[in-house]
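Chains as they are written, first to last, in the working numbering: chain A, 1 to 317; chain B, 1001 to 1329.
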């Protein structure tokens, strides 16, 4: 049932994306003629006919959807490669960035939330409030650039851009450490917004849960403070945070586009950015399609996580 | 008489509110013998639950505190005991069941786990031994098919069943004192009767002393040997249940008793008007005053009641009443 919904949703995304791209002025013929230093109307028409752009909208749409159903996302005029191949090349880098940022933000956010909920007037609590304010209000690209200036230029501990150093040779671990080093700043940049969200929410839910009747019961049982907080309270406060994390998946991906642009991270975001500049419609559509796919998969994963945490969700399943 | 199991003397519990500090328990003393059952009666907000939380050492953090007086359990002072020592006592020697069975169990753990964890914490039982005991306990609180239901989650059980689970948790370590804070308020009448029966049976089997907190005079008559009537954080009257119901020595107790409707022997009998105690409980701000706090609702009020706090006057069999007119009530 859920998979059927997901499929319908994907189809709707496809139609919507395609229509919107069609509405935007300019197409690949303009770009090509521009790079040739201008072309007359005849040549433009010729290019459009070659790429099937002279067909009526509905025909183009039908053709596109038909192709996608056969896992063919089209051909990139700009990169001269099939879009699917192009995207699959870039996807792992984005997924790596997105998942590491999400998971770290969740993990640290929940820990900060718990610590600050236990001492609502303590230092940790004020730290979370300030962090949240910063995370909410600082734009991603600004944070990214500041971090770059601070930790790549002034204090040169992290690389400026990219995902790996091509000059490095060695075994798996050396490459692993190299990528990890490159990831630090982008992950901090992307994760900071979500860390702010999650720590605030888990602070709020944790405070509510700590005042609940079953926590009082746990105390009345004579359990240790640690068991009361981390066994009885924490598991109950996780559901809202997981739900929010699921909802934020799309925001994480759009955030990734900006972060990748700032750090030249070789992922989908950079690809999207470049292909928008180049008016490479098939690539843009392909990326949008994959983003939708990632979001939907992310939501399914969220549901699974909720089931693990809350037996009430399981029984409704 | 041997030394009492629990001896509370001149207990004063203060709550910090926006209006300042209010004594929600003001000069309360009572004793509880081993295997005895005692009832606290009174309207909402009269400090019954605070007494229970005070004994458990579970007063709300930073808001409530024991200001003076003593709570001695088997001669050991609890009001100054360390948190570690209190944890050893809680759930083991003194345990508690609460008013709200619907929310008092943790929704994300099985009832078996919630019973078993007390046994692991206090009796050092292994995982499997604790689980086996949990099944036995569920059976003892008369949950049918305990073997299977032990893996149920709270949301799969009714209110009455959840309260039985709470009782199973409370009795798991065979405590010396069980504090039941309005255990049946949230349940319907037939289930109430079942829970009372269960508590009475378990009490007979285990010899646990019960402190029952309620506002239901019927429950008192059914459950307790002695009762303490509380009003506005103070002890209004205490003594043997039968004697007090027969001959109350405090106008408030009298009012409470006359609130209970009686079933007529025959339908032709004249039906009494259902009475109530007129007026409302004083607000927390007035709690500390040196006067009788019931005066504003009392039919027998005189100038004396407004000027000075009444002393406790003793009658036969340990009946005590804090009223200036106790002799003439």
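Idealized CB from N, CA, C, for every residue including glycine.
Using a C-beta to C-beta distance shorter than 9 Å, which residues of chain A count as neighbours of residue i?
i	result
residue 1168(B)	Per Cβ cutoff of 9 Å: no residues; residue 1168(B) is ~12 Å from chain A at best.
residue 1105(B)	213, 214, 217
residue 1182(B)	Neighbours of residue 1182(B) on chain A: none; closest Cβ ~13 Å, over 9 Å.
residue 1118(B)	221, 222, 223
residue 1098(B)	213, 216, 217, 220
residue 1121(B)	221, 222, 223, 224, 227
Pop quiz: residue i and residue j are said to be a contact at Cβ under 8 Å. What is the actual Cβ separation, rounded to whole angstroms?
i	j	result
residue 1114(B)	residue 1169(B)	6 Å
residue 243(A)	residue 302(A)	7 Å
residue 1317(B)	residue 1239(B)	6 Å
residue 1208(B)	residue 1177(B)	7 Å
residue 233(A)	residue 1058(B)	Between residue 1058(B) and residue 233(A) the Cβ distance is about 15 Å, and since that is not below 8 Å, they are no contact.
residue 205(A)	residue 159(A)	So it is not a contact: roughly 38 Å between Cβ atoms.
Can you find the residues in the same chain that come closer than 6 Å, C-beta to C-beta, to residue i, ignoring five residues on each side of it along the sequence?
i	result
residue 1305(B)	1292, 1295, 1324
residue 178(A)	164, 165, 168
residue 187(A)	100, 101
residue 1001(B)	Per-residue confidence for residue 1001(B) stands at a pLDDT of 47, beneath the threshold of 50, marking its modelled position as unreliable; the derived number appears in the next sentence. Excluding sequence neighbours, residue 1001(B) sits near nothing in its chain.
residue 281(A)	21
residue 245(A)	106
Which chain B residues sit within Cβ distance under 9 Å of residue i?
i	result
residue 72(A)	Near residue 72(A) there are no residues of chain B at all, since even the closest Cβ is about 46 Å away, more than 9 Å.
Spell out whether any CB of chain A is found under 9 Å from the CB atom of residue i.
i	result
residue 1153(B)	yes
residue 1089(B)	yes
residue 1058(B)	yes
residue 1086(B)	yes
residue 1095(B)	yes
residue 1156(B)	yes
residue 1200(B)	no
residue 1145(B)	no
residue 1235(B)	no
residue 1092(B)	yes
Spell out whether any CB of chain B is found under 9 Å from the CB atom of residue i.
i	result
residue 319(A)	The shown model of chain A, from 1 to 317, leaves out residue 319(A), and the question about it has no answer.
residue 227(A)	yes
residue 312(A)	yes
residue 126(A)	no
residue 201(A)	no
residue 232(A)	yes
residue 315(A)	yes
To which residues of the same chain is residue i closer than 8 Å at the C-beta, ignoring the five residues directly before and after it?
i	result
residue 1206(B)	1171, 1174
residue 10(A)	289, 292, 293, 296
residue 155(A)	none
residue 1217(B)	1041, 1245, 1256, 1257, 1259, 1260
residue 271(A)	86, 87, 90, 283, 287
residue 26(A)	279
residue 273(A)	257, 260, 261
Closer than 7 Å by C-beta to residue i: which residues in its own chain qualify, once you throw out the five before and the five after it? Chain order, please.
i	result
residue 115(A)	124
residue 1147(B)	1135
residue 1310(B)	1292, 1322, 1323, 1324
residue 199(A)	109, 112, 113, 128, 131, 132
residue 53(A)	27, 29
residue 1372(B)	One cannot answer for residue 1372(B) here, as it falls past the ends of chain B, which runs 1001 to 1329.
residue 1143(B)	1149, 1161, 1164
At 8 Å on the CB atoms, spell out the chain B contacts of residue i, in chain order.
i	result
residue 309(A)	1108
Residues of chain B with CB under 7 Å from residue i, in chain order?
i	result
residue 235(A)	1108
With burial defined as no fewer than 16 other Cβ atoms inside 10 Å of the residue's Cβ, what is the status of residue i: buried or exposed?
i	result
residue 317(A)	Its pLDDT being 48, under 50, residue 317(A) is placed unreliably in this model, and the value from its coordinates should be taken loosely. The residue is exposed, with fewer than 16 neighbouring Cβ atoms inside 10 Å.
residue 1040(B)	buried
residue 1161(B)	buried
residue 57(A)	exposed
residue 1077(B)	exposed
residue 236(A)	buried
residue 259(A)	buried
residue 1095(B)	buried
residue 265(A)	buried
residue 1219(B)	buried
residue 1104(B)	buried
residue 65(A)	exposed
residue 1080(B)	exposed
residue 1319(B)	buried
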